[in-house]
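Protein chains in written order, with our numbering: chain W, 51 to 566; chain F, 66 to 184.
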């Protein structure tokens, strides 16, 4: 071919302009409002969509190239991990409970976020915002897939990794992240953006990804470290999108400020509750601990978040309403959630266990204001009972919060032995909540939350048994029937780690790998 | 306030009493005994006495707590949805006006919990 190149390559700014705004057009035979029916009804006013700029100025052509390179590196590591029995290099099989919880409860959220961004990538009027949302949708899909491919190696050897998709829609504790994701997905596109891009990705995601990935590194899980590393550059782009999105909304019209503030209040609180699962993982499930939940909260929420909200004050934005209560809970959250899962350990598809003295001492040192007084005595009491052959397994179902769907295991701010509960009567129907903030979220959108699919209430309504089950049979065991409906392998997926198949197999395989 | 939506947005509450096959859902919480990590939600026939509900559903669920066997149910103090409440244990839930999704707090001031610390 003898075509001559007439011009040098486009500069990054030019290319960005062509590959975003240059792809748009003014509709002629339909009105723009008919083409984009969802970007006004939430009350957000946008006067100039061209003010939306992706700080990375990433365009689709460059995006595919970067992502392809990252995937090639990642899959080489995953393959090596599988071929070299990398699963035997983790510190201890107890660590797997953290991965199980991540796979059961966090990975499916990635899929929800794919859907949300795919929708936002269709429904925003500005081309650059649509392109950014489409790229994030593809990112999240890649994250889900890389997690599936990394974690599938564990599924070959250990319990609790199977039936993820089935469990997500049914299991009691998975309704916590599921309802969080569905609340975001069923919001308008701007609320979705504030919920996920800002409140979750920008304010809270470091609390999820930094401890989780460094926890994996500390515990010898190279597979998880690698997918985390591969996702990290995406995450920083998502965080940047979050901060750009909120500044864009706040700068477009002063009337946007109170709407955005309401969403920040709601989604900060909802996110902090979902992250209780991460707190439990950090303080209890990692055999080799990175930092305490409290320390992570102080760095990533109080310091970084505090600076962020000081920065946003010039737009008239204040810290979220639940901020003080969420900060107060840093001394209690992880312990209360772990003790809940320990007590209901027969009904969780991961293992719980008694802590060693050394682990209790670590927590005493990290939580000088709360652990020895409120939590160590409970853990030691339960450990003694277990040692006497009386492992506590609670069989009576707990009361759930209508909004966050977490059992009411949290205590009143400043009063760690008083279970916190609130109730609201809406149109002659009563609703129970765990906190002022969950109650307020309901009060702002009661029509949404009257639909909450609360697993405990659904069990009592008879909606959580397999179709062939006869609840009138004389030997009917409702709890067992529910766990079968969840597709648990009873006695293998659930219960205490001590004596579990995972514990036995890991010890045996590692012994074979390291001894004669 | 209400949901901001493009069209009508009205849905039936998912947990109406008619969905519970003749039962009502009742929440029980033991005050200042957080070794029992969360309150219980139990589905009960409204004709059941409060005493029977306690003996069959609550007593076995809290039995692992060392204070449990010391409870004198005849002297327990109660709150229903944050209000002081004086039920008759030998009357039915309906007669005691226990409603669907009520939250019953039972208080045992003389029992101080694990380590006398409210646990």
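Ideal placement from N, C-alpha and C gives every residue a C-beta, glycine not left out.
> Heavy atom of the ligand SAM less than 7 Å from the Cβ of residue 99 of chain W, yes or no?
Replying inline: With respect to the ligand SAM, the structure shown offers nothing to examine, as it has no ligands at all.
> When burial is assigned at 16 or more other CB atoms within 10 Å of the CB, is residue 489 of chain W buried or exposed?
Replying inline: By 1-based counting over the first chain, the position of residue 489 of chain W is 439. Buried, by the Cβ-count rule.
>> Can you tell me where the beta strand (DSSP E) holding residue 93 of chain F begins and where it ends?
In response: The residue given as residue 93 of chain F occupies position 28 in the second chain. That run of the beta strand (DSSP E) goes 89 to 95.
>> List, in chain order, every chain F residue whose beta-carbon is nearer than 7 Å to that of residue 502 of chain W.
In response: Here residue 502 of chain W refers to the residue found at position 452 of the first chain. The contacting residues are 79.
> By a C-beta neighbour count over all protein chains shown, 10 Å radius and 16 as the cutoff for buried, is residue 76 of chain W buried or exposed?
Replying inline: As a position in the first chain, residue 76 of chain W is number 26, starting the count at 1. The residue in question, residue 76 of chain W, is exposed, as its Cβ has fewer than 16 Cβ neighbours within 10 Å.
>> Counting C-beta neighbours from all protein chains within 10 Å, is the total for residue 540 of chain W 16 or more, i.e. buried, or is it exposed?
In response: The sequence position of residue 540 of chain W within the first chain is 490, counting from 1. Looking at its Cβ environment, which holds fewer than 16 other Cβ atoms inside 10 Å, residue 540 of chain W is exposed.
> Can the beta-carbon of residue 182 of chain F be found less than 8 Å from the beta-carbon of residue 427 of chain W?
Replying inline: Within the second chain, numbered from 1, the residue matching residue 182 of chain F stands at position 117. Within the first chain, numbered from 1, the residue matching residue 427 of chain W stands at position 377. Closer than 8 Å, so yes.
> Buried or exposed: where does residue 477 of chain W fall if 16 or more other Cβ atoms within 10 Å of its Cβ makes it buried?
Replying inline: Counting from 1 along the first chain, the entry for residue 477 of chain W is found at position 427. Exposed, by the Cβ-count rule.
> Which residue comes first and which comes last in the beta strand (DSSP E) that contains residue 476 of chain W?
Replying inline: Taking the first chain and counting its residues from 1, the one referred to as residue 476 of chain W is at position 426. Here the beta strand (DSSP E) through residue 476 of chain W covers 472 to 476.
> At a CB-CB cut-off below 7 Å, which residues of chain F make contact with residue 489 of chain W?
Replying inline: Taking the first residue of the first chain as position 1, residue 489 of chain W is located at position 439. Simply none; closest approach about 12 Å.
>> Less than 8 Å between the beta carbons of residue 404 of chain W and residue 343 of chain W, yes or no?
In response: Translated into positions along the first chain, residue 404 of chain W becomes position 354. Translated into positions along the first chain, residue 343 of chain W becomes position 293. Contact: no.
> Hey, which unbroken runs of the alpha helix (DSSP H) at 4 residues or more fall wholly within the stretch 155 to 180 of chain W?
Replying inline: 157 to 173
> Of the residues W:247, W:523, W:213, which one's Cα is nearest the Cα of residue 310 of chain W?
Replying inline: As a position in the first chain, residue 310 of chain W is number 260, starting the count at 1. Taking only the C-alpha atoms, the option nearest residue 310 of chain W is W:247.
>> Any beta carbon from chain F within less than 8 Å of residue 77 of chain W's own beta carbon?
In response: Numbered from its first residue, the first chain carries residue 77 of chain W at position 27. Not one chain F Cβ lies under 8 Å of residue 77 of chain W.
> How is residue 343 of chain W classed by DSSP in three states: helix, strand or coil?
Replying inline: Reading the first chain from its first residue, position 293 is the one you call residue 343 of chain W. If DSSP states are grouped into helix, strand and coil, residue 343 of chain W belongs with the helices.
> Going along the chain, which residues of its own chain have a beta-carbon closer than 8 Å to the beta-carbon of residue 285 of chain W, five neighbours each way excluded?
Replying inline: On the first chain, residue 285 of chain W is found 235 positions in, with the first residue counted as 1. Excluding residues within five positions, the ones whose Cβ falls inside 8 Å are 251, 255, 259.
> In the stretch 414 to 428 of chain W, which residues sit with their C-beta less than 8 Å from some C-beta in chain F, listed in chain order?
Replying inline: 423, 424, 427, 428
>> Measuring only the C-alpha atoms, how far is residue 149 of chain F from residue 466 of chain W?
In response: Your numbering for residue 149 of chain F matches position 84 in the second chain. Your numbering for residue 466 of chain W matches position 416 in the first chain. Going by the C-alpha atoms only, they are around 22 Å apart.
> Less than 8 Å separating the beta-carbons of residue 94 of chain W and residue 354 of chain W?
Replying inline: On the first chain, position 44 is the one that residue 94 of chain W refers to. On the first chain, position 304 is the one that residue 354 of chain W refers to. Not in contact: residue 94 of chain W and residue 354 of chain W (Cβ atoms no closer than 8 Å).
>> Quick check: what's the CA-CA separation for residue 189 of chain W versus residue 104 of chain W?
In response: On the first chain, residue 189 of chain W is found 139 positions in, with the first residue counted as 1. On the first chain, residue 104 of chain W is found 54 positions in, with the first residue counted as 1. Cα to Cα, residue 189 of chain W sits roughly 16 Å from residue 104 of chain W.
> For the candidate residues W:118, W:170, W:127, W:195, whose alpha-carbon lies nearest to that of residue 153 of chain W?
Replying inline: Counting from one through the first chain, the residue named residue 153 of chain W turns up at place 103. Per the Cα distances, W:195.
> Is the shortest distance between the beta-carbon of residue 104 of chain F and the beta-carbons of chain A less than 8 Å?
Replying inline: Structure shown: chain A not included; protein chains present are W and F.
>> Can you pull out the residues from the stretch 82 to 96 of chain F whose beta carbon lies closer than 8 Å to at least one beta carbon of chain W?
In response: 84, 85, 86, 88, 90, 92, 94, 96
> CB-CB under 6 Å to residue 515 of chain W, same chain, minus the five flanking residues each way: which ones, in chain order?
Replying inline: Locating residue 515 of chain W in the first chain gives position 465, counting from the first residue. Answer for residue 515 of chain W: 531, 535, listed in chain order.
>> Using only the alpha-carbon positions, how far apart do residue 423 of chain W and residue 143 of chain F sit?
In response: Here residue 423 of chain W refers to the residue found at position 373 of the first chain. Here residue 143 of chain F refers to the residue found at position 78 of the second chain. Each residue's alpha carbon lies about 27 Å from the other.
>> What does the alpha-carbon distance come out to for the pair residue 396 of chain W and residue 359 of chain W?
In response: Start at 1 with the first residue of the first chain, and residue 396 of chain W comes out as number 346. Start at 1 with the first residue of the first chain, and residue 359 of chain W comes out as number 309. Going by the C-alpha atoms only, they are around 42 Å apart.
> residue 455 of chain W by DSSP, collapsed to three states: which one?
Replying inline: Counted from its first residue, the first chain places residue 455 of chain W at position 405. Three-state DSSP puts residue 455 of chain W in coil, outside helix and strand.
> Of all the CB atoms in chain W, is at least one closer than 8 Å to the CB of residue 190 of chain F?
Replying inline: The structure shown does not extend to residue 190 of chain F, since chain F is modelled only from 66 through 184, so no value can be given for it.
>> With the cut-off set at 8 Å, would you say residue 482 of chain W and residue 473 of chain W are in Cβ contact?
In response: Taking the first chain and counting its residues from 1, one reaches residue 482 of chain W at position 432. Taking the first chain and counting its residues from 1, one reaches residue 473 of chain W at position 423. Going by C-beta atoms, residue 482 of chain W is nearer than 8 Å to residue 473 of chain W.
> Any Cβ of chain F within less than 8 Å of the Cβ of residue 323 of chain W?
Replying inline: Position 273 of the first chain, counted from the start, is the residue given in the question as residue 323 of chain W. For residue 323 of chain W, the answer is no, since every Cβ of chain F falls outside 8 Å of its Cβ.
> List, in order along the chain, the chain W residues whose C-beta lies closer than 9 Å to that of residue 179 of chain F?
Replying inline: Counting from one through the second chain, the residue named residue 179 of chain F turns up at place 114. Result: 427, 428, 431.
> With residue 82 of chain F and residue 93 of chain F assumed to form a contact (beta carbons below 8 Å), what rounded beta-carbon distance in angstroms separates them?
Replying inline: The sequence position of residue 82 of chain F within the second chain is 17, counting from 1. The sequence position of residue 93 of chain F within the second chain is 28, counting from 1. With 8 Å as the limit, residue 82 of chain F and residue 93 of chain F do not qualify as a contact, their Cβ atoms being about 18 Å apart.
>> For a test of the three-state rule: what should DSSP assign to residue 227 of chain W, helix, strand or coil?
In response: Sequence index remark: in the first chain, residue 227 of chain W carries index 177 (1-based). Helix at residue 227 of chain W.
> Of the choices F:130, F:159, F:168, whose alpha-carbon is the least far from that of residue 176 of chain F?
Replying inline: As a first step, residue 176 of chain F must be located in the second chain, where it is residue number 111. Comparing Cα-Cα distances from residue 176 of chain F to each of F:130, F:159, F:168, the minimum goes to F:130.
>> Quick test of your reading: residue 167 of chain F and residue 91 of chain F, contact by CB under 8 Å. State the CB separation rounded to the nearest angstrom.
In response: Position 102 of the second chain, counting from 1, holds the residue named residue 167 of chain F. Position 26 of the second chain, counting from 1, holds the residue named residue 91 of chain F. Yes, residue 167 of chain F and residue 91 of chain F are in contact; Cβ-Cβ is about 6 Å, under 8 Å.
> For the alpha helix (DSSP H) that contains residue 509 of chain W, what are its first and last residues?
Replying inline: For the purposes of this step, residue 509 of chain W is taken as the residue at position 459 of the first chain. Here the alpha helix (DSSP H) through residue 509 of chain W covers 505 to 510.
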